[in-house]
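Numbering (the working numbering), first residue to last: 163 to 552.
Beta carbons are placed, not taken as given, at the ideal position from N, Cα and C, and that holds for glycine.
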Ligand SMILES: C[S@@+](CC[C@H](N)C(=O)[O-])C[C@H]1O[C@@H](n2cnc3c(N)ncnc32)[C@H](O)[C@@H]1O
């Protein structure tokens with residue numbers, strides 16, 4: 163198979179393999195893949211603010227702003243991509259949403275992506291690798307039917323298919339489990355004979371076991387090396403205290419009044435330790451004794467909670483600092499959120515904090531994608547290129 167890259171037309175044999183990045187948002191999948199040896203040749207997103215951020219950070223990448231359903235293969239660069247990547251919308255799959263699944267309008271955009279893969283195939287330009295990145299809710303939405311549908315469509319198109327659950331917390335101080343469904347055709351990535359922790363979680367193993375026989379026949383337990391130990395925690399990514407806008411005492415009191423007795427006890431223990439302790443906290447609506455209650459959920463394990471898009475203001479994360487006998491609190495900044503996604507400060511964020519937080523809350527963590535690119539996708543392509551050269 164001839165895998166062409168953006169520059170290979172000019173005879174540059176060392177040019178990196180090309181990626182078509184769909185649902186690209188701020189382009190973090192492409193940044194991670196770029197660090198893993200790939201180059202984004204084309205990207206698409208429907209959202210105007212995301213489009214502006216993508217263009218600001220990747221001025222040389224061909225970008226299409228619009229609905230994936232309105233694209234055809236003829237609109238894509240005239241080359242055979244090595245990877246077609248889809249970080250398609252998760253709202254209808256996530257446990258927090260109404261869970262209409264892949265038949266619903268937003269998450270159903272995955273099928274618009276797949277239509278393009280089929281068109282590329284028909285034009286003799288099928289990508290050897292396809293990746294769907296999404297929330298782990300994909301494993302269980304519609305009773306597992308959505309996960310089965312994705313695996314099945316890849317298998318029917320001739321791909322070996324496998325999935326990995328990767329939590330950003332292995333690389334970054336943010337809890338962010340995500341599912342990566344990876345299909346390979348004409349190339350072979352490293353495989354294990356059986357599931358391997360932590361990437362093949364119990365819920366993923368159960369979802370695989372529930373696939374129909376013909377889909378399971380195409381299954382691969384993709385193998386990645388265990389990530390090395392993370393060596394930094396939330397505090398290392400925060401702005402210095404004296405540059406932050408802290409809430410006034412009345413607002414801190416109101417916030418702390420929302421903690422459950424258990425979380426309040428954790429904070430009290432942190433205060434009593436006499437050491438400076440940093441916590442991340444989210445406001446959440448919980449049902450207690452049949453009634454809705456606003457709770458402030460606090461974590462003191464050195465991790466931020468999963469960044470989310472700010473919806474109605476309730477999901478913005480707070481930073482709490484227990485120090486010298488008092489607790490201070492402030493909102494997490496967009497720049498801190500970007501660092502929690504693995505971006506360095508050269509990444510241009512939107513001026514508005516809420517736009518920056520929305521961009522980051524929707525994004526994929528860079529070092530996770532890099533690990534996938536470096537240890538699974540690149541070795542698969544390298545094997546194919548060696549075979550072609552032999
Ligand atoms: C989960 S986010 C992916 C973000 C991206 N991986 C990043 O790192 O920023 C999903 C993206 O899909 C885009 N999107 C939703 N529906 C779309 C459609 N029909 N066509 C193209 N893009 C769409 C959204 O604007 C959003 O940026």
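Since residue i is in the alpha helix (DSSP H), which residue starts that stretch and which ends it?
| i | result |
| --- | --- |
| residue 361 | Per DSSP, residue 361 belongs to no alpha helix (DSSP H) and is neither H nor E. |
| residue 130 | Residue coverage of the chain in this structure runs from 163 to 552, which leaves residue 130 outside it and unanswerable. |
| residue 501 | 496-502 |
| residue 313 | 307-318 |
| residue 275 | 271-284 |
| residue 458 | Unbroken run through residue 458 is the beta strand (DSSP E), 453-461; no alpha helix (DSSP H). |
| residue 190 | 190-197 |
| residue 534 | 528-534 |
Within 10 angstroms of the Cβ of residue i, are there 16 or more other Cβ atoms? Answer buried if so, exposed if not.
| i | result |
| --- | --- |
| residue 220 | buried |
| residue 369 | buried |
| residue 529 | buried |
| residue 230 | buried |
| residue 451 | exposed |
| residue 248 | buried |
| residue 234 | exposed |
| residue 405 | exposed |
| residue 168 | Low local confidence applies: a pLDDT of 42 at residue 168 is under 50, so the model's placement there is unreliable, with the coordinate-based value given in what follows. Buried, by the Cβ-count rule. |
| residue 449 | exposed |
Name the two residues that bound the continuous beta strand (DSSP E) containing residue i.
| i | result |
| --- | --- |
| residue 327 | 322-329 |
| residue 208 | Looking at the DSSP string, residue 208 is not in any beta strand (DSSP E), and its letter there is neither H nor E. |
| residue 513 | It is not in any beta strand (DSSP E) - residue 513 carries neither H nor E in the DSSP assignment. |
| residue 293 | 291-296 |
| residue 339 | 339-346 |
Going by C-alpha to C-alpha distance, which of the options sits closest to residue i?
| i | options | result |
| --- | --- | --- |
| residue 225 | 232, 205, 243, 234 | 205 |
| residue 203 | 383, 328, 184, 408 | 184 |
| residue 490 | 347, 430, 190 | 430 |
| residue 300 | 321, 237, 343 | 343 |
| residue 390 | 339, 298, 533 | 533 |
| residue 201 | 215, 179, 420 | 179 |
| residue 333 | 543, 494, 505, 380 | 505 |
| residue 394 | 287, 196, 336 | 336 |
| residue 210 | 517, 415, 297, 527 | 517 |
| residue 409 | 424, 481, 385 | 481 |
| residue 315 | 303, 340, 373 | 373 |
| residue 232 | 208, 215, 347 | 208 |
| residue 322 | 304, 347, 328, 417 | 347 |
| residue 527 | 397, 295, 182, 236 | 295 |
| residue 539 | 308, 384, 282 | 384 |
| residue 340 | 250, 377, 189 | 250 |
| residue 309 | 446, 366, 223 | 366 |
| residue 503 | 177, 189, 181, 543 | 189 |
| residue 377 | 397, 345, 356, 364 | 345 |
| residue 444 | 198, 236, 420, 424 | 420 |
| residue 560 | 537, 439, 461 | A question about residue 560 goes unanswered here, because the residues of the chain that appear run from 163 up to 552. |
| residue 403 | 432, 428, 277, 492 | 492 |
Just checking: is the beta-carbon of residue i within a distance shorter than 8 angstroms of some beta-carbon in chain E?
| i | result |
| --- | --- |
| residue 528 | The structure shown contains no chain E; it holds only a single protein chain. |
I'd like the ranges of any alpha helix (DSSP H) spanning at least 4 consecutive residues and lying wholly in the stretch 363-414.
364-371, 375-378
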